[in-house]
Each structure stands twice: as structure tokens, then as C-alpha cells.
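Q: Would you mind keeping the following structure in view while I ask a few things?
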Ligand SMILES: [Fe+2]
Ligand SMILES: [Fe+2]
């Protein structure tokens, strides 16, 4: 299966249940929705994984990447009742993902630890490290392209 196919099939699976389709409405960086950002992170994570030695759980890698920002609110809208976005959205995304999907340990590590080193809990899995890197590269690209 090609990377695109794997991403498309996983998206269809996630959109069939839960709140995944709502990510299309939320802006992430620049003009990119959280949905588009998550797809870019999954695509980049797959490209990084292909160049890494040793085994990678590709299915968990893609599911975790697609769900890493599943926090389900617009972080640009100020809301004092919400905890600090940078510090807490990974934990909130993991809580939402666990509520809506069956999340395995690798996926939980990817989602819950993707904000390292802002949040000082490093990933414990190879897949977690890959998405942590892919997220930072994608976020930088999306923010720069806005100008
Ligand atoms: Fe994030
Ligand atoms: Fe992200």
C-alpha cells in the first residue's frame, strides 16, 4: 500500500466515527486547518520512518500522527477557562482520542508526548519520536509560508 493510500484509508476510518471531521473547521497555523496539518504530519512521518533503521509500526504511526492534535477547539479564540494551549493540548488530545477511538500504547505515546520539549515528557517509542520531529518541521513550514 502506498503512503497516500494508507493515510486516506486511516482518515476514512477515523472520520467514520468520533469527531475527526471537525478538524477541518479549526485553523492550526497560517491558513492550514488542523486537518490539513495532521495529514502533512502523517505524510512527513511516513517519509522519515522509511529512512529509519529497524521496524516501525506504520499503522500506529499514521493513526497517532492523524490524532496528535485532536484537541477539538480553536486555540486562536481566547478562552480563560481553558488551560494553556502549548502545555496542555497534547494531554487533551489524548483524552479525546481515548474517548472516541481504541488507542494503543504507541498511539498514546505519539499523541501524549508530541509537545516535547515544551512539555518535558519525552516520547518512549520510535514512532513517538518520529511524529514529534515531523510535527515541528511541518509547523515551521506552515508558519513561514503564511508571510
Ligand atoms: Fe500539537
Ligand atoms: Fe501539530
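Numbering (this note's numbering), first residue to last: 36 to 182. Here a beta-carbon is modelled for each residue, glycine too, at the ideal position from N, C-alpha and C. No experiment lies behind these values; they were computed from the predicted model shown.
(1) So does residue 144 have its beta carbon nearer than 6 Å to some heavy atom of ligand 1?
(2) Could you give the first and the last residue of the continuous alpha helix (DSSP H) run that contains residue 43?
(3) Using the C-alpha atoms, what's the distance from residue 114 back to residue 101?
(4) Is residue 104 near ligand 2, in the sense that its beta carbon is under 6 Å from a heavy atom of that ligand?
(5) In this structure, does DSSP put residue 178 in helix, strand or coil?
(6) Restricting to Cα atoms, I'd like to know which of 159, 119, 105 and 116 is closest to residue 134.
(7) Give the straight-line distance between the Cα atoms of residue 190 and residue 152, rounded to the nearest whole angstrom.
(8) Starting from residue 192, trace the alpha helix (DSSP H) in both directions and tell me its first and last residue.
(9) Run the proximity test for residue 109: is its beta-carbon closer than 6 Å to any non-hydrogen atom belonging to ligand 2?
A: On the basis of the coordinates in this document:
(1) Not so, every heavy atom of ligand 1 lies at least 6 Å from the Cβ.
(2) Residue 43 -> alpha helix (DSSP H) spans 38–51.
(3) Near 25 Å, if we compare the C-alpha coordinates of residue 114 and residue 101.
(4) Residue 104 has its CB nearer than 6 Å to a heavy atom of ligand 2.
(5) Looking at residue 178 - three-state DSSP - the assignment turns out to be helix.
(6) Relative to the Cα of residue 134, the nearest Cα in the group 159, 119, 105 and 116 belongs to 105.
(7) Since the first residue of the chain shown is 36 and the last is 182, residue 190 is not available in this structure.
(8) Residue 192 lies beyond the stretch modelled for the chain, which goes from 36 to 182, so this question has no answer here.
(9) In this structure, residue 109 has its CB at a distance of at least 6 Å from all heavy atoms of ligand 2.
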